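In our numbering, the protein residues as written are 1499 to 1677.
Don't be surprised by glycine CBs; every beta carbon is placed ideally from N, CA and C.
Keep in mind it's a predicted model, so treat the numbers as computed, not measured.
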């Protein structure tokens, strides 16, 4: 969602559809939710529950029964945090459901209207990148594979420290990334 990325892609590939990875959008939303959690800390400290942050940020569908019970206790202690958490889960659910791009756009717009009270910075970011976020729903493309390849390259470069021959490094990269 970095401005330089968009400009380069539009220049080099003028017909390309810009897609902002759902992971990065959710990361921004989770960062804002974490700020809300910190603001509610005075109430949460009294609960004496460990790992509140991870419970709040974890996908609701990934929680086990014990975590769900703890999360319920946490959310009952703060209406603001409860509302913000539910909005986060609603947003994630928009990504999870298999829907047409136009339906997803409408759902995102509805979410923006509901979330403005809790997520003002996120709302601004989403509005500024709305088309790129909605483009995800055309073919559900993510940058995960490319980021994995970049990570492999970084690891090999670190392991290859001291190589005097660029061709050897290049061959290692080609072999590692060919799978």
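Query                                                                                                     : Result
Close Cβ partners of residue 1551 (< 8 Å) along its chain, the five nearest in sequence each way excluded : 1532, 1535
Residues near residue 1614 in its chain [Cβ-Cβ closer than 7 Å; skip 5 each side]                         : 1621
Candidates 1560, 1537, 1594, 1563, of which the one nearest residue 1582 by Cα                            : 1537
At least 3 beta-carbon pairs within less than 8 Å: the stretch 1617 to 1635 vs the stretch 1515 to 1532   : yes
Alpha-carbon to alpha-carbon, residue 1509 and residue 1585                                               : 36 Å
Backbone secondary structure at residue 1619 - three-state DSSP                                           : helix
Three-state secondary structure assigned by DSSP to residue 1506                                          : helix
DSSP state of residue 1559 mapped onto helix, strand, coil                                                : helix
Pick from 1588, 1633, 1595 that is closest to residue 1611, judged by C-alpha positions                   : 1588
Span of the alpha helix (DSSP H) around residue 1500                                                      : Taken as a continuous stretch (DSSP letters only), residue 1500 belongs to no alpha helix (DSSP H), as it is neither H nor E.
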